[in-house]
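Reviewing the structure listed below.
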DNA sequence: TTGTTAATGCGAATAATTCGCAAATGTCAA
DNA sequence: TTGACATTTGCGAATTATTCGCATTAACAA
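Protein chains in written order, with my numbering: chain A, 2 to 140; chain B, 2 to 140.
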């Protein structure tokens, strides 16, 4: 009953990490979890406010940071825009930025992840995470 | 004789792009071209100053931006640190960040680039550029 | 050589993010 | 249940990378 759309029980994850389950965190996580785009802090702040006007921008920032460390959230740094966030996807994926429109497209599949694992292994490393960003234009 | 270590004649590239060849740009490009790490603006500014004290930080920023648009320089945005730069490599490569030490390792080879091209094509796009960052730890 | 226009240095401005602090609140042990 | 206490919060101020405005300088085409 605490499970998000992605199947994660965030309350459990927070507690397991020794973190507290606060209403602000719950609200922010709900909003991020329901977003189908990749919101930045401003987006998150505004949408969360509509649901719970006790949250401040600072808390959105702090929550993103906390959730990222807990492995629940992925931070996307693209171009020079403010950071965007997404719930850590169960099926990993990468991103393609349409350079004309600025649209962000998700690249499905495991092919990229597999290659990354192989490449890292060849260099004597084990992957913690990887992220590919392709900038492209429609053909 | 104007060719950099990577074989590019930057004066020609600048002129072809309708840009002027200024001493400040020359100094900055020399420094960046000789760097074997991936300097940020502060690094570049300090090293360039030792060679040419007419450059200002603003010009380093502007030069990086200009060179990036001209396709001579690649900007690396990793984590939350200030942007780093490298001369556009003739043999494309990606990067691996050692999460323990913060070291930045270059991943050689064309395998990644090839996969990216294929993946983009499947989505109906042609690649402008791509960049993969792997965060990993030594095994 | 000269006129045009891009490029520069300087310092101020901006924008995203972080911080300091006092008040509030989740959690755990009794 | 209650209390104690460390975490978390809101607020606004501080920080920091980067950009801008503007007057001056200098590249380069004619």
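Built from N, CA and C at the ideal position, the CB exists for glycine as well.
Reference residue 116 (chain A), options A:46, A:133, A:106, A:101, closest by Cα: Counted from its first residue, the first chain places residue 116 (chain A) at position 115. Checked all of A:46, A:133, A:106, A:101; the closest Cα to residue 116 (chain A) is A:133.
Name the chain A residues that come within less than 7 Å of residue 1 (chain B), Cβ to Cβ? Any property of residue 1 (chain B) remains undetermined from this structure, which presents chain B solely from 2 to 140.
From the DSSP secondary-structure annotation, give me the bridge partner or partners of residue 132 (chain A). Taking the first residue of the first chain as position 1, residue 132 (chain A) is located at position 131. According to DSSP, which records beta bridges pairwise, residue 132 (chain A) is partnered with B:134.
Under three-state DSSP, which class holds residue 37 (chain A)? If you number the first chain from 1, residue 37 (chain A) lands on position 36. Secondary structure at residue 37 (chain A): coil, using DSSP grouped into helix, strand and coil.
Helix, strand or coil, according to DSSP, for residue 101 (chain B) in the structure here? Counted from its first residue, the second chain places residue 101 (chain B) at position 100. In the structure shown, the three-state DSSP call for residue 101 (chain B) is coil.
Does chain B have any CB closer than 8 Å to the CB of residue 43 (chain A)? On the first chain, position 42 is the one that residue 43 (chain A) refers to. Chain B contact via Cβ: absent.
Residue 126 (chain B) at chain A interface by Cβ criterion, 8 Å: Here residue 126 (chain B) corresponds to residue number 125 of the second chain, with the count starting at 1. The beta carbon of residue 126 (chain B) falls within 8 Å of a beta carbon belonging to chain A, placing the residue at that interface.
Using only alpha-carbon positions, find the residue among A:20, A:106, A:21, A:64 that is nearest to residue 32 (chain A). Numbered from 1 along the first chain, position 31 holds the residue referred to as residue 32 (chain A). Selected option, being the one with the closest Cα: A:64.
Can you check whether the CB of residue 42 (chain A) is closer than 8 Å to the CB of residue 50 (chain A)? Looking up residue 50 (chain A) in the first chain gives position 49. Looking up residue 42 (chain A) in the first chain gives position 41. Taking 8 Å as the Cβ cut-off, residue 50 (chain A) and residue 42 (chain A) do not qualify as a contacting pair.
Chain B contacts from the segment 100-112 of chain A (Cβ-Cβ distance under 8 Å): Cβ proximity to chain B below 8 Å picks out 100, 106, 108, 110, 112 from the segment 100-112 of chain A.
Using beta-carbon positions only, say whether residue 94 (chain B) and residue 108 (chain B) come within less than 8 Å of one another. Start at 1 with the first residue of the second chain, and residue 94 (chain B) comes out as number 93. Start at 1 with the first residue of the second chain, and residue 108 (chain B) comes out as number 107. Yes. Within cutoff.
Quick check: is the beta carbon of residue 59 (chain B) nearer than 8 Å to any beta carbon in chain A? Position 58 of the second chain holds residue 59 (chain B). Contacts with chain A at 8 Å (Cβ-Cβ) do not include residue 59 (chain B).
If the cut is a Cβ gap below 8 Å, which residues of chain B does residue 121 (chain A) touch? The residue given as residue 121 (chain A) occupies position 120 in the first chain. Per Cβ cutoff of 8 Å: 97, 135, 137.
Chain A partners of residue 140 (chain B), CB-CB under 8 Å? Numbered from 1 along the second chain, position 139 holds the residue referred to as residue 140 (chain B). Within chain A, the residues placing a beta-carbon under 8 Å from that of residue 140 (chain B) are 122, 125, 126, 127, ordered along the chain.
Neighbourhood of residue 118 (chain A) by C-beta, 6 Å cutoff - its chain only, sequence neighbours within 5 removed: For the purposes of this step, residue 118 (chain A) is identified with residue 117 of the first chain, where counting begins at 1. Taken in chain order, the residues that qualify are 128.
Taking DSSP as the reference, what is the three-state secondary structure of residue 45 (chain A)? Position 44 of the first chain holds residue 45 (chain A). Of the three classes helix, strand and coil, the one that applies to residue 45 (chain A) here is helix, per DSSP.
Exposed or buried, which one is residue 66 (chain B) when buried takes at least 16 other CB atoms within 10 Å? Against the second chain, residue 66 (chain B) aligns to sequence position 65. It counts as exposed.
Just to confirm, are residue 34 (chain B) and residue 53 (chain B) a CB contact at a threshold of 8 Å? Stepping through the second chain from its first residue, residue 34 (chain B) is reached at position 33. Stepping through the second chain from its first residue, residue 53 (chain B) is reached at position 52. The Cβ atoms of residue 34 (chain B) and residue 53 (chain B) do not sit closer than 8 Å to each other.
Could you list which residues in chain A have their beta carbon closer than 9 Å to that of residue 65 (chain B), in chain order? Against the second chain, residue 65 (chain B) aligns to sequence position 64. By Cβ distance, chain A contributes nothing, its closest Cβ being about 12 Å from residue 65 (chain B), past 9 Å.
Rounded distance between the beta-carbons of residue 85 (chain B) and residue 77 (chain B), thought under 8 Å: Locating residue 77 (chain B) in the second chain gives position 76, where the first residue counts as 1. Locating residue 85 (chain B) in the second chain gives position 84, where the first residue counts as 1. 4 Å between Cβ atoms; contact.
Considering only the alpha carbon of each residue, which of A:24, A:37, A:120 lies closest to residue 104 (chain A)? The residue given as residue 104 (chain A) occupies position 103 in the first chain. The shortest CA-to-CA distance from residue 104 (chain A) to any of A:24, A:37, A:120 is the one to A:37.
With C-beta atoms as the reference, is residue 81 (chain A) less than 8 Å away from residue 138 (chain A)? By 1-based counting over the first chain, the position of residue 81 (chain A) is 80. By 1-based counting over the first chain, the position of residue 138 (chain A) is 137. In this structure, residue 81 (chain A) lies away from residue 138 (chain A), with their beta-carbon atoms at least 8 Å apart.
Classify residue 68 (chain B) as helix, strand or coil using the three-state DSSP reduction. The sequence position of residue 68 (chain B) within the second chain is 67, counting from 1. In the structure shown, residue 68 (chain B) sits in a helix (DSSP, three-state: H, G or I).
Is there a Cβ from chain A that is less than 8 Å from the Cβ of residue 78 (chain B)? Counted from its first residue, the second chain places residue 78 (chain B) at position 77. Taking a beta-carbon distance threshold of 8 Å, residue 78 (chain B) counts as an interface residue toward chain A.
Can you give the beta carbon distance from residue 73 (chain B) to residue 9 (chain B), rounded, assuming they're within the 8 Å contact cut? Here residue 73 (chain B) is taken as the residue at index 72 of the second chain, counted from 1. Here residue 9 (chain B) is taken as the residue at index 8 of the second chain, counted from 1. With a contact defined as Cβ atoms closer than 8 Å, residue 73 (chain B) and residue 9 (chain B) qualify at about 7 Å.
So, using beta-carbon positions, are residue 61 (chain B) and residue 46 (chain B) closer together than 8 Å? Sequence index remark: in the second chain, residue 61 (chain B) carries index 60 (1-based). Sequence index remark: in the second chain, residue 46 (chain B) carries index 45 (1-based). Cβ atoms of residue 61 (chain B) and residue 46 (chain B): closer than 8 Å.
For chain B, check one thing: does any of its Cβ atoms lie closer than 8 Å to the Cβ of residue 116 (chain A)? By 1-based counting over the first chain, the position of residue 116 (chain A) is 115. Output row for residue 116 (chain A): interface = yes.
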